[in-house]
Every structure is written in structure tokens, then in C-alpha cells.
Amino acid sequence: MDFGLVLQTDPPASQVVSLMKRAERNGFRYGWTFDSAVLWQEPFVIYSQILANTQKMHIGPMVTNPGTRTWEVTASTFATLNDMYGNRTVCGIGRGDSAMRVAGRAPNTLARLGEAIDVIRDLAEGREAEVDGNPIRIPWIRDGKLPVWMAAYGPKALALAGQKADGFILQLADPYLTEWMVRSVREAAAAAGRDPDALTICVAAPAYVGDDLAHARDQCRWFGGMVGNHVADLVGRYGEHSGLVPDALTEYIKARQGYDYSHHGRAGNPSTDFVPDEIVDRFCLLGPVEAHIEKLRALRDLGVDQFALYAMHDEREATIDAYGGHVIPALD
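For reference, each letter of the sequence shown is one residue, going -6 to 325 in the working numbering.
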């Protein structure tokens, strides 16, 4: 199993770079950041510094979207980083939540997202693609490689990930939901004539190593609120108890009263009081290292290739070090 570190690009950028260097020393092979231009600093500028200060770590957004940058700019940015540092980027992409809504725009449609996946990958790997009805190709790219991994929760998005993406990003670590969603993605890939086992499966969730479970829950409760944004969209689209989305995912948002993006992804987020302890425990990895190892082994058995650790809490360095010293070696 591979491991990734997920950070927000809060200033100073030097601290983001330092934490990624620490993660690589501890055996993490991937470095991810949020991508919301209003809420945080521009990640692609920081990626260049992370790549320059690491040796093998692969870098990318978790996740970008097709609406805040034109597709040829996204492709050219990835291709430039790859040309400079040797094909060490991966494009995590989704419909867009915070990046779009904070700017007053709705998330992208799945049709637009599916088109963008093909276009960005083709352009970044040097092939011709059609953008706004015009065929274009980036002429300087040689031997470009850009895996595109799609984040999804709902049935149509899961199907699109199986049909189009090189990898699937699931932003929660509940084994029951992981099994359900991974199966949906792989079935969609098979139905599209693709090799379902060729898709990389990445589960991303907060991890907090320590014996004070109550404190760990409070530090990671924000994640249930973040996931709740996407779940609320699904309930609005499909309704409750539709059979298209597991009740185990939708039940907990009934007490949700809205969401303030100024606290997005942060410990102590006041918009997440509705998230019960049970959801925090199911969606996150908490407790001593043995509990982390046990849950990660269960996820690995379900076909998960990478666990990406959100470290937006008060023990980032200690958790990174605990994973490097105990958890990652146990999952080799």
C-alpha cells in the first residue's frame, strides 16, 4: 500500500514544503494539497518547490476541477512540472466544491468533468485534443505522462470514474462504504471495456495517532462536515432512501444546518456540530498505531492501493512520524 499526505496550502508555503519533505523521509510516496484559489495559496506554484525539495514524491491536487482554470492551462502546468522534475505529478480532479462555491459558482456538471478528464490528459501527454471546438496540441511536450484520478461519491460520478479515470479517490475511510463504492467503480470500468484492476484506488481521510480519542475526534470532526457537503448534494439529487446511495452515507446529515467555507477543512469548524462521534470514527483513522494498522489492512483487503492522510489537526508532525515509524512498515 502506498501512502500520501494531504495538506492545505496555508501560508507560509515553506511550512507546506517542509511537511512534505518530512513525509517523504517517513516513506510517503505522494503529496497532495487542496485546490481553492480564494481560500488558500496557489498550489501549483508550491508544487514546484515541493518537487525541487523531494526526490521521488509524486505531487498533485486533491482535487482540482474543470471550472477554475482553462483546460489547456491545467494541462500545460502539469506538463511543465513533469518536464522539470520527471513525470512526478498526478491530477486529482472532481466537480469542484469549495473552489467553485466560494467564488459564487455551482460545481461543474459530470458531462463537463468527463470531457475535461480526456482533454487534460491528452494535452498533458502531448496528444491533440479539442478545446471549445478547436483542435489544439502542446508542441513542446515529449514523453509526457499524467494519470488523472477522479473523486466521486454518487452513482453517476462513480460510473464516470470507472469509465474515464486512471484512478478513483474516495474521501472517507469507512470499510463498508469503501467496498460499495470500489465495486461500483470497477463494475463501471468493466462495462466500459476497461480493465477494472488497472484503476488505482485511493482512500483519503484524516488520521490522528494518540490515546485521547475524544480529542482526536474533535480535531477531525471537520471531515464529516466536508463530506456532508457532497452528501447533501446527493440527497438533493436522489432523495433519501433511494437505493442509489447507501443510507450509511446519508443518514447523518439530517441535522445539518448549512456550511461556512471560511472554516473549510479546519479543526474546530463550527459548521460540523451535527457530525456524531460514530461518523468521525467510521470516516477517519483514530487512536493508537495498532488501530490504524488494523483498519488499513481491512482497506487494503478491499483493493485500496493508497491511503492519503489528511493532516489538518494539531499533531501533524507526530502523526507523520508515527506513520513512518510504525504504520507504513506494517503495510509494506
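Backbone N, C-alpha and C define an ideal beta-carbon position, used for all residues, glycine too.
Hey, quick one: how far does the alpha helix (DSSP H) through residue i stretch, first residue to last?
i    : result
P322 : I321 to L324
N75  : W64 to Y78
H208 : L206 to C213
G60  : Looking at the DSSP string, G60 is not in any alpha helix (DSSP H), and its letter there is neither H nor E.
V10  : A6 to R18
S235 : Here S235 belongs to no alpha helix (DSSP H), and DSSP marks it neither H nor E.
Q42  : P36 to A45
A311 : R309 to A315
G107 : L103 to A117
E172 : P168 to A184
A92  : S91 to R94
With which residues is residue i paired in a DSSP beta bridge?
i    : result
I194 : F161
Q299 : D(-5) and C195
G53  : W25
I86  : T57 and M143
N127 : V124
Y201 : L279
L0   : T26
Taking all protein chains shown into account, do 16 or more other C-beta atoms lie within 10 angstroms of the C-beta of residue i, making it buried, or fewer, making it exposed?
i    : result
V83  : buried
P128 : exposed
E271 : exposed
A315 : buried
P54  : buried
K288 : buried
H285 : buried
M77  : exposed
H306 : buried
Q48  : exposed
T57  : buried
H51  : buried
T26  : buried
P4   : exposed
G102 : Before going further, note that residue 102 is Thr rather than Gly in the sequence given. Counting Cβ neighbours within 10 Å, T102 comes out exposed, since fewer than 16 surround it.
K247 : exposed
Q164 : buried
R81  : buried
L118 : According to the sequence provided, residue 118 is Glu. The question's Leu does not apply to it. Under this definition E118 is a buried residue.
G87  : buried
R130 : exposed
V31  : exposed
D167 : buried
S7   : exposed
D90  : buried
R98  : exposed
G217 : buried
W133 : exposed
So residue i is in the beta strand (DSSP E); what residue range does that whole segment cover?
i    : result
I131 : Note, I131: premise wrong, no beta strand (DSSP E); not H, not E.
A144 : V141 to A144
V124 : A122 to V124
Taking 7 Å as the cut-off, is the beta-carbon of residue i closer than that to any non-hydrogen atom of the ligand ZN?
i   : result
R94 : Among the components modelled here there is no ligand, and therefore nothing to report on the ligand ZN.
Would you please verify whether the beta carbon of residue i is less than 8 Å from any beta carbon of chain C?
i    : result
D211 : Included in the structure is just one protein chain, with no chain C present.
Query raised in the report: Hey, is the stretch 21 to 36 in contact with the stretch 65 to 79, meaning 3+ C-beta pairs nearer than 8 Å?
Result: Result no; under three Cβ-Cβ pairs closer than 8 Å.
Query raised in the report: Do the stretch 288 to 300 and the stretch 210 to 221 meet, that is, are 3 or more Cβ pairs less than 8 Å apart?
Result: By the C-beta criterion, the stretch 288 to 300 is judged not to be in contact with the stretch 210 to 221, since fewer than 3 inter-stretch pairs fall below 8 Å.
Query raised in the report: Just checking, does the stretch 199 to 217 make contact with the stretch 265 to 282 on the three C-beta pairs under 8 Å criterion?
Result: Verdict: yes, contact present.
Query raised in the report: Can we say the stretch 205 to 216 touches the stretch 232 to 252, given the rule of at least three CB pairs closer than 8 Å?
Result: By the Cβ criterion, the stretch 205 to 216 is not in contact with the stretch 232 to 252, since fewer than three pairs of Cβ atoms, one from each stretch, lie closer than 8 Å.
Query raised in the report: Do the stretch 185 to 192 and the stretch 258 to 269 meet, that is, are 3 or more Cβ pairs less than 8 Å apart?
Result: Short answer: they don't touch.
Query raised in the report: Is the stretch -1 to 8 touching the stretch 171 to 185, taking contact as three or more C-beta pairs under 8 Å?
Result: Contact annotation: the stretch -1 to 8 does not touch the stretch 171 to 185, with fewer than three C-beta pairs closer than 8 Å.
Query raised in the report: Should the stretch 92 to 100 be called in touch with the stretch 150 to 158, which here means at least 3 C-beta pairs below 8 Å?
Result: Not touching, per the Cβ criterion.
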